[in-house]
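A.B. asks: Here you go, one structure.
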Amino acid sequence: MKKIILVFFLLIGCLNAFDKVSLEYGYKNNIDVYGIALQKDFDYKLFDIAKLAFDISAQHISGEDDSLTVISAQPLINIDLSKKIYFEAGVGGAYFSKDYLDHKKFGMHFQFKESIGFGYRFTDNLEATLKYNHYSNADLDDDNAGLDFFGIKVAYKF
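With the first letter of the sequence shown counted as 1, position 93 gets the number 102 in this note's numbering; the numbers rise by one all the way through.
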């Protein structure tokens, strides 16, 4: 938990360089995930329908007997489906503070991160996203339990 608090305050110090801050909660099979993220939106549009962004996050993951901290970074593609509804997807990398959680063996500290989600914009500054997240080492190690969870992210845009 001390690591998450340290990362939180380091991220707060960088807020002016980012466009959004978000809090996230996820759950699956007695595993709770709490996270904070910063996102930088780019002015560049891909094929005039997709906006690009970059996301860095810190998460605290608690199992039945263990917990670990995850630091991750990933580029995101955001596609507006309407003025209020959007789709986002990203692929990036993550660092796990431990290579295990309860009886799950991840094989190594480095993991790949994939996420997809559908979101709703309540206002110009407030949005929520239902997300699916997957962490895996892509079979770079014999132990590759992976970690999957569904979650909700609430973001505030500056």
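All C-beta atoms in this analysis are idealised placements derived from N, C-alpha and C, irrespective of residue type, glycine included.
Is it the case that the region 71-86 contacts the region 103-111, given that we only count it when at least three CB pairs across the two stretches are under 8 Å?
C.D. replies: Yes, since at least three Cβ pairs between the region 103-111 and the region 71-86 fall closer than 8 Å, the two stretches touch.
A.B. asks: According to DSSP, Tyr43 sits in a beta bridge with which residue or residues?
C.D. replies: For Tyr43, which the question treats as bridged, DSSP gives the partners Tyr34 and His69.
A.B. asks: In the DSSP assignment, what residue or residues form a beta bridge with Gly99?
C.D. replies: Looking at the DSSP assignment, Gly99 forms a beta bridge with Leu85 and Ser124.
A.B. asks: For the pair the region 109-123 and the region 146-156, tell me if three or more CB-CB distances fall below 8 Å.
C.D. replies: The region 109-123 is in contact with the region 146-156.
A.B. asks: Do Ala98 and Ile125 come within 9 Å of each other at the CB atom, strictly closer than that value?
C.D. replies: Going by C-beta atoms, Ile125 is nearer than 9 Å to Ala98.
A.B. asks: Give me the Cβ distance between Lys49 and Phe27, rounded to the nearest whole Å; I'm assuming they're in contact under 8 Å.
C.D. replies: Contact flag correct, Cβ pair sits at about 5 Å.
A.B. asks: Taking the alpha-carbon positions, what's the Lys162 to Ile86 distance?
C.D. replies: Approximately 16 Å between the Cα atoms of the pair.
A.B. asks: Start and end of the beta strand (DSSP E) containing Leu149?
C.D. replies: No beta strand (DSSP E) holds Leu149; DSSP gives it neither H nor E.
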